[in-house]
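**Student:** Pasting a structure below so you can have a look.
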Amino acid sequence: MVETQGRTSYEKTVLQMGTVVHVNLITKASPTDAETAIERALGAFRHVEKVCSRFDDSSELRRLSKKIGEPVVVSDVLFEVLRFALTIAEMTGGVFDPTLGRVLYAHGFHRHYLTGCPVFDEGDEPGKVNFKDVVLDEENRTVLLRKPLTLDLGAVAKGFAVDLAARELNEFEGFVIDAGGDVRVGGLNEQSGLWHIGIRHPLQTNEILCTLQATDVAVCTSGGYERKSPNQPGGHHLIHPQTGKSPNSVLSSTVIAPFGMMADAFSTVSFLLGCEEGVRILEDNGLDGFLVDESLNLHMTRGMKEYLYG
Amino acid sequence: VTITLKGDKITNAEITGYTTHYPISYIDPILPQELLQRQDIDKIDVISGATLSTYDFYYAVKDALQQAEQAQQTSTSKTGK
């Protein structure tokens, strides 16, 4: 807790959704109000994890995965996250695909991050299912899985949780939510300025590649440098559904978007598409960002320069 | 995290109470060294990158620095914990 100009900075860090979730709130509000808001924000992560986790057998997602061929009524959170994931899948012709769970499993991503317990797949064959096997019914809020498949919402659920958490903090003077590198900032920082968001260097991961200056945006970076596949040489957690492989021509992709879920999904998509197409899809969707290629060249969207600081 | 300060410089940063499931060896010697060179961790509010375990360390250092600052205001102690 640090006081500046009558405002106090409150911080809390927890382990959630397989990563470190950090919330920083800057406000003149009472400590009780600030701490309650932070708890509510962190509660959003607990809730989304409980619904969307591929690694928890009691999650709503896993329970849904056990019912094949019948429409299942699901919660609003699961429905909205799935709807968004399927929209992006449709838009990208399946480059982004939430039915990739089995492939990720085969690449060795199959243990719970806290307990280390192995999870089970749904017996689907890697590569034999795709997003078209998931059918949503808007009116009845149901999901129908046509075939046994292992859903993975890893590329969107964290962003969605960030957005839910931001709703709890929006009324305050300033906040940062950082879900292990999925960032959302609002209001002003402790010095009453825009937030300074460092972008991690994809090769020297203990260094900053560049710094952005922004507020009221989400910033998400996808890179292959942190989650290496335990069993595929050169493989990591970002896998192209149509090749079943991890592309290595892009080192990282950073996206700035109005919402965490968009930043999250589009950083994955642009990473998988490669530098040229990746920049194009960001621009086509009114987003900004940049991709870093193997030679450390930055491929930026037209509007990206305005965010660069220093 | 325990940091040692000499004047305004961080001379050492040790991970003393690490609680995530990542092996300490994975991050331990790298980041403290890096911190000695940079000395400017406070200029950046937050970092975006592929999901990383060292966030824990980053914020722990910030905490330790804050505590050290507060301690310096009330005494001449140069060590923050």
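If you read the sequences in order, they're chains A and B.
Quick note on numbering: the first sequence equals residues 1 to 310 in the numbering used here.
Quick note on numbering: the second sequence equals residues 1001 to 1081 in the numbering used here.
Each residue gets a CB set at the ideal place from its N, CA and C atoms; glycine is no exception.
(1) What are the residues in the region 243-275 of chain A lying within 7 Å of chain B by C-beta distance?
(2) My assumption, with CB atoms under 8 Å, is that V156(A) sits in contact with F84(A). Please give the rounded CB distance.
(3) For G220(A), which residues in chain B fall below 7 Å Cβ to Cβ?
(4) Are the region 288-298 of chain A and the region 245-256 of chain A touching by the rule of at least three beta carbon pairs closer than 8 Å?
(5) To the nearest angstrom, how far is the alpha carbon of Q1073(B) from that of L1065(B)?
(6) Write down the C-beta distance between L368(A) and D152(A) rounded to the nearest angstrom, noting that I regard them as a contact closer than 8 Å.
(7) Which residue from R200(A), E139(A), E306(A), L282(A) puts its Cα closest to that of M91(A)?
(8) Should L86(A) and F160(A) be called a contact, given that it needs their Cβ atoms to be closer than 8 Å?
(9) Just to confirm, is the Cβ distance from G260(A) to D163(A) under 8 Å?
(10) Go through its chain and collect everything with a Cβ distance to H196(A)'s Cβ below 8 Å, but skip five positions before and after it.
(11) So, do the region 45-61 of chain A and the region 200-210 of chain A have three or more beta carbon pairs nearer to each other than 8 Å?
(12) Can you give the beta carbon distance from L144(A) to P247(A), rounded, assuming they're within the 8 Å contact cut?
(13) Since R167(A) is in the beta strand (DSSP E), which residue starts that stretch and which ends it?
(14) According to DSSP, which residues form a beta bridge with E306(A)?
(15) Pull the bridge partners of A218(A) from the DSSP assignment, please.
(16) In its own chain, which residues sit with a C-beta less than 6 Å from the C-beta of N24(A), not counting the 5 before and 5 after it?
(17) Spell out whether any CB of chain B is found under 8 Å from the CB atom of L54(A).
(18) With DSSP as the reference, please indicate the residues paired to F175(A) in a beta bridge.
(19) Contact defined as beta carbons within less than 8 Å: I believe T19(A) pairs with G223(A). What is the distance between those atoms, to the nearest angstrom?
(20) Is I38(A) closer than 8 Å to G187(A) when the C-beta atoms are compared?
(21) If we ignore side chains and look at the alpha-carbon of each, how far apart do K66(A) and L149(A) end up?
(22) Would you kindly work out how many angstroms separate the C-alpha atoms of N285(A) and A263(A), rounded to a whole number?
(23) Between which residues of its own chain and E168(A) is the CB-CB distance below 6 Å, once the five residues before and five after are set aside?
(24) Kindly give me the distance between the Cβ atoms of V269(A) and V217(A), rounded to whole angstroms, as I take these residues to be in contact under 8 Å.
(25) Using CA atoms only, rank isn't needed, just tell me which of I256(A), H107(A), D178(A) is closest to V14(A).
(26) To test your reading of the DSSP string, which unbroken alpha helix (DSSP H) runs of 4 or more residues are found completely within the region 41-96 of chain A?
(27) Sort K158(A), S9(A), A166(A) by Cα distance to D1063(B) and report the nearest one.
(28) If you reduce the DSSP assignment to three classes, tell me which class L291(A) lands in.
(29) Under the DSSP definition of a beta bridge, which residues are partnered with E11(A)?
(30) Consult DSSP for R1038(B) and reduce its assignment to one of helix, strand or coil.
(31) Could you confirm whether any beta carbon from chain B is found closer than 8 Å to the beta carbon of I239(A)?
(32) By alpha-carbon positions, which one of G244(A), G69(A), P98(A) ends up nearest to L82(A)?
(33) Can you say whether V73(A) is buried or exposed, counting buried as having 16 or more other CB atoms within 10 angstroms of its CB?
(34) Over what stretch of residues does the beta strand (DSSP E) that includes V119(A) continue unbroken?
(35) Could you spell out where the alpha helix (DSSP H) holding I1047(B) opens and where it closes?
**Tutor:** With the structure as the only source:
(1) S252, T254
(2) To locate residue 156(A), count along the first sequence from 1; it is residue 156. To locate residue 84(A), count along the first sequence from 1; it is residue 84. The Cβ separation is near 6 Å, so the contact holds.
(3) Taking the first sequence and counting its residues from 1, one reaches residue 220(A) at position 220. Reading off the sequence, residue 220(A) comes out as Cys, not Gly. What C220(A) touches in chain B: S1048.
(4) yes
(5) Stepping through the second sequence from its first residue, residue 1073(B) is reached at position 73. Stepping through the second sequence from its first residue, residue 1065(B) is reached at position 65. Cα-Cα distance, rounded: 12 Å.
(6) In the structure as shown, chain A starts at 1 and stops at 310, and residue 368(A) therefore has no counterpart that could be examined.
(7) What you label residue 91(A) is simply residue 91 of the first sequence in a count that begins at 1. It is L282(A) whose Cα lies nearest to the Cα of M91(A).
(8) Taking the first sequence and counting its residues from 1, one reaches residue 86(A) at position 86. Taking the first sequence and counting its residues from 1, one reaches residue 160(A) at position 160. Not closer than 8 Å, so no.
(9) Reading the first sequence from its first residue, position 260 is the one you call residue 260(A). Reading the first sequence from its first residue, position 163 is the one you call residue 163(A). A contact, by the Cβ cut-off of 8 Å.
(10) On the first sequence, residue 196(A) is found 196 positions in, with the first residue counted as 1. Excluding positions up to five away in sequence, the list reads N189, T211, L212, Q213, Y309.
(11) In short, these stretches do not touch, since the Cβ pair count stays below three.
(12) By 1-based counting over the first sequence, the position of residue 144(A) is 144. By 1-based counting over the first sequence, the position of residue 247(A) is 247. L144(A) to P247(A), Cβ: 31 Å. No contact.
(13) Residue numbering aside, residue 167(A) sits at position 167 when the first sequence is read from its first letter. Note, R167(A): premise wrong, no beta strand (DSSP E); alpha helix (DSSP H) at 157-169.
(14) By 1-based counting over the first sequence, the position of residue 306(A) is 306. Answer is none; E306(A) lacks a bridge partner.
(15) What you label residue 218(A) is simply residue 218 of the first sequence in a count that begins at 1. BP columns for A218(A) point to R184(A), A257(A).
(16) Counting from one through the first sequence, the residue named residue 24(A) turns up at place 24. Here the set comprises E11, V176.
(17) Walking along the first sequence from the start, residue 54(A) turns up at place 54. Checking the sequence shown, residue 54(A) turns out to be Arg, not Leu. So no, R54(A) is outside the interface.
(18) For the purposes of this step, residue 175(A) is taken as residue 175 along the first sequence, with counting starting at 1. F175(A) is bridged to L25(A), G186(A).
(19) To locate residue 19(A), count along the first sequence from 1; it is residue 19. To locate residue 223(A), count along the first sequence from 1; it is residue 223. Going by Cβ atoms, the distance from T19(A) to G223(A) rounds to 14 Å, so no, they are not a contact pair.
(20) Start at 1 with the first residue of the first sequence, and residue 187(A) comes out as number 187. Start at 1 with the first residue of the first sequence, and residue 38(A) comes out as number 38. It is not a contact, given that the beta carbons lie outside the stated cut-off.
(21) The residue given as residue 66(A) occupies position 66 in the first sequence. The residue given as residue 149(A) occupies position 149 in the first sequence. Using only the alpha carbons, I get a separation of about 9 Å.
(22) Sequence index remark: in the first sequence, residue 285(A) carries index 285 (1-based). Sequence index remark: in the first sequence, residue 263(A) carries index 263 (1-based). Taking the straight line from one Cα to the other gives about 11 Å.
(23) Locating residue 168(A) in the first sequence gives position 168, counting from the first residue. Once the five neighbours on either side are set aside, the close Cβ partners of E168(A) are A37, R40, A41.
(24) To locate residue 269(A), count along the first sequence from 1; it is residue 269. To locate residue 217(A), count along the first sequence from 1; it is residue 217. That belief does not hold up - the Cβ atoms of V269(A) and V217(A) are roughly 18 Å apart, past 8 Å.
(25) Residue mapping note: residue 14(A) aligns to position 14 of the first sequence, counting from 1. Per the Cα distances, D178(A).
(26) The region 41-96 of chain A contains these whole alpha helix (DSSP H) runs: 60-65, 76-91.
(27) Taking the second sequence and counting its residues from 1, the one referred to as residue 1063(B) is at position 63. The residue with the shortest Cα to Cα distance from D1063(B) is S9(A).
(28) Counted from its first residue, the first sequence places residue 291(A) at position 291. Correct three-state label for L291(A): strand.
(29) On the first sequence, residue 11(A) is found 11 positions in, with the first residue counted as 1. Looking at the DSSP assignment, E11(A) forms a beta bridge with N24(A).
(30) Residue 1038(B) sits at position 38 when you count from the first residue of the second sequence. Its pLDDT being 49, under 50, R1038(B) is placed unreliably by the model, and the measurement read from it follows with that caveat. R1038(B): helix per DSSP, three-state reduction.
(31) The residue you call residue 239(A) lines up with position 239 of the first sequence. For I239(A), the closest Cβ of chain B is not nearer than 8 Å.
(32) As a first step, residue 82(A) is located in the first sequence; it is residue number 82 there, counting from the start. Ranking G244(A), G69(A), P98(A) by Cα distance to L82(A) puts P98(A) first.
(33) Within the first sequence, numbered from 1, the residue matching residue 73(A) stands at position 73. Burial call: exposed.
(34) On the first sequence, residue 119(A) is found 119 positions in, with the first residue counted as 1. It is not in any beta strand (DSSP E) - V119(A) carries neither H nor E in the DSSP assignment.
(35) Here residue 1047(B) refers to the residue found at position 47 of the second sequence. That residue, I1047(B), is in no alpha helix (DSSP H); its beta strand (DSSP E) goes 1046-1048.
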